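Worksheet: one structure, shown below.
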Ligand SMILES: [Zn+2]
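In the numbering used here, the protein residues as written are 57 to 423.
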């Protein structure tokens, strides 16, 4: 299992030998999309599987989907990981018996976002780790983790992946070349995001929304407001579509009549909580995809005008509309990236206002 994590041979060789006699805590350090989640899942499977990670048994299959009842996944709620989350989702279950026989695995995503109080609570657990429990702390900014925590973990480093490599992985997973290339380019070689884009039910609808919004914005201020509106509507539609995914995720834990099986109540609750978080983020995520696509379209106009070959464009499958000067396209590109940064930084911002401002600026540039 562990030798299948692409592009990270050194990290995986380390984890493979670690799986035989695991230390109680690891930091998986590396840039976004470098395969840390993939590695954590394979490692969890190796630790939970009776055959050391065969990839085929029930333990492996559930672990590879982050759905094993003995696996506890913690993510930021809003910007931070709060102390209550660590108490309820780490401290308490760590001191209890595992739902199923075998090890317990705690995976803490974006662990550099632990609040100081949350980090203190986690440190107490790491200082006296319960038997048969393994903690995996993931981070793209591992240097921001408190030294007291880092010193209790083994660090495994992941390097950034190349675009060619991301395309190859996605194609091996059955995604066609156009989609794979587009997803890899739009996400700058971030494998996790590229896969989400490429496998999303939404397909390329987010980019269609971007093309349409950009056309609208070019028509002036009224068009700009319409563009913001169409992005908001597309994001809301996307959020609605997520419901079906929850039902699918829960199905392994329901009995034949569709009722939750008693032993899995905890696992079901955790999947639901994680889903609610995702749902809360869904609209923001989608707006970000659309803005990312708008950026890529503007960037392609610049590239087209300086004579870049078609194969080097971010959207090599689309015809270029050469109606913006380089200076204007560059300014528009900067404005959209500013909007993305603002939305990522401050979860309380009014999305519609940020979008309207970005598209009004584009309208002015196109005029
Ligand atoms: Zn297995």
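Every residue, glycine too, gets a C-beta built ideally from N, C-alpha and C. Since the model is a prediction, treat every value here as computed from it, not as a measurement.
* Within the chosen definition, does the stretch 76-96 reach the stretch 198-216 through at least 3 CB pairs nearer than 8 Å? -> The stretch 76-96, when compared against the stretch 198-216, does touch it at the 8 Å Cβ threshold.
* Asked: Where residue 122 and residue 422 are concerned, what is the direct C-alpha to C-alpha distance, given to the nearest angstrom?
  -> Translated into the one-based positions of the chain shown, residue 122 becomes position 66. Translated into the one-based positions of the chain shown, residue 422 becomes position 366. The straight-line gap from Cα to Cα measures roughly 46 Å.
* With a cut-off of 8 Å on the beta carbons, I'd call residue 424 and residue 108 a contact; round off their distance for me. => Examination of residue 424 is not possible in this model, given that the chain is present from 57 through 423 alone.
* Whole runs of the alpha helix (DSSP H) within the stretch 365-395, excluding any shorter than 4 residues -> Whole alpha helix (DSSP H) segments, 4+ residues: zero.
* Asked: Beta carbon of residue 343, beta carbon of residue 270: below 8 Å?
  -> In the chain shown, the residue the question calls residue 343 occupies position 287. In the chain shown, the residue the question calls residue 270 occupies position 214. Against a cut-off of 8 Å, the Cβ pair of residue 270 and residue 343 comes out as no contact.
* Please report the residue range of the beta strand (DSSP E) in which residue 210 lies. => Locating residue 210 in the chain shown gives position 154, where the first residue counts as 1. 210-213 is the extent of the beta strand (DSSP E) around residue 210.
* Does ligand 1 have even one heavy atom less than 7 Å from the beta-carbon of residue 136? -> Residue mapping note: residue 136 aligns to position 80 of the chain shown, counting from 1. No.
* List the residues that DSSP assigns as beta-bridge partners of residue 133. => Here residue 133 refers to the residue found at position 77 of the chain shown. Answer is 136.
* Asked: Can you pull the DSSP bridge partners for residue 84?
  -> Translated into positions along the chain shown, residue 84 becomes position 28. Looking at the DSSP assignment, residue 84 forms a beta bridge with 194, 212.
* Over the uninterrupted alpha helix (DSSP H) stretch that includes residue 92, give me the two end residues. => Residue 92 sits at position 36 when you count from the first residue of the chain shown. Residues 92-104.
* Selected residue, minimal CA-CA separation from residue 407, among 264, 284, 139, 259 -> For this step, residue 407 is matched to residue 351 along the chain shown. Measuring from the Cα of residue 407, the nearest candidate turns out to be 284.
* To do: Rank 238, 316, 287 by C-alpha distance to the C-alpha of residue 250 and give the top, closest one.
  => As a position in the chain shown, residue 250 is number 194, starting the count at 1. Of the listed residues, the one whose Cα sits closest to residue 250 is 238.
* **Range covered by the beta strand (DSSP E) that runs through residue 163** => For this step, residue 163 is matched to residue 107 along the chain shown. For residue 163, the uninterrupted beta strand (DSSP E) segment begins and ends at 160-164.
* Asked: residue 167: which of 261, 345, 130 sits nearest, CA to CA?
  -> The residue you call residue 167 lines up with position 111 of the chain shown. Closest by alpha carbon: 130.
* To do: Provide the residue span of the alpha helix (DSSP H) that contains residue 297, from first to last.
  => If you number the chain shown from 1, residue 297 lands on position 241. It spans 277-297 - the alpha helix (DSSP H) in which residue 297 sits, taken as one unbroken run.
* Asked: Are at least three pairs of beta-carbons, each pair with one atom in the stretch 141-157 and one in the stretch 170-190, less than 8 Å apart?
  -> The stretch 141-157 is in contact with the stretch 170-190.
* **Pocket of ligand 1 defined by Cβ to heavy atom distance under 7 Å** => For ligand 1, the selected residues are 101, 105, 106, 107, 109, 110, 111, 112, 113, 115, 116.
* residue 275 versus residue 335 - alpha carbon distance -> On the chain shown, position 219 is the one that residue 275 refers to. On the chain shown, position 279 is the one that residue 335 refers to. The alpha-carbon separation between residue 275 and residue 335 amounts to approximately 33 Å.
* Inter-stretch contact at 8 Å, needing at least 3 Cβ pairs: the stretch 367-375 / the stretch 225-242 -> Touching, per the Cβ criterion.
* Can you list, in chain order, the residues of its chain whose CB lies under 8 Å from that of residue 358, leaving out five sequence neighbours each side? -> Along the chain shown, one-based indexing puts residue 358 at 302. Here the set comprises 382, 385, 386, 389.
* Asked: Thinking C-alpha only, which one of 337, 412, 368 is nearest residue 402?
  -> Here residue 402 corresponds to residue number 346 of the chain shown, with the count starting at 1. Cα-wise, what sits closest to residue 402 is 337.
* **Three-state class that DSSP yields for residue 409 in the structure shown** => Reading the chain shown from its first residue, position 353 is the one you call residue 409. Correct three-state label for residue 409: helix.
* To do: Throw me the rounded Cβ distance for the residue 411 and residue 395 pair, which I believe falls under 8 Å.
  => Within the chain shown, numbered from 1, the residue matching residue 411 stands at position 355. Within the chain shown, numbered from 1, the residue matching residue 395 stands at position 339. Yes, residue 411 and residue 395 are in contact; Cβ-Cβ is about 7 Å, under 8 Å.
* Asked: What did DSSP end up calling residue 149 once you bin it into helix, strand or coil?
  -> Your numbering for residue 149 matches position 93 in the chain shown. The DSSP-derived three-state label of residue 149 is helix.
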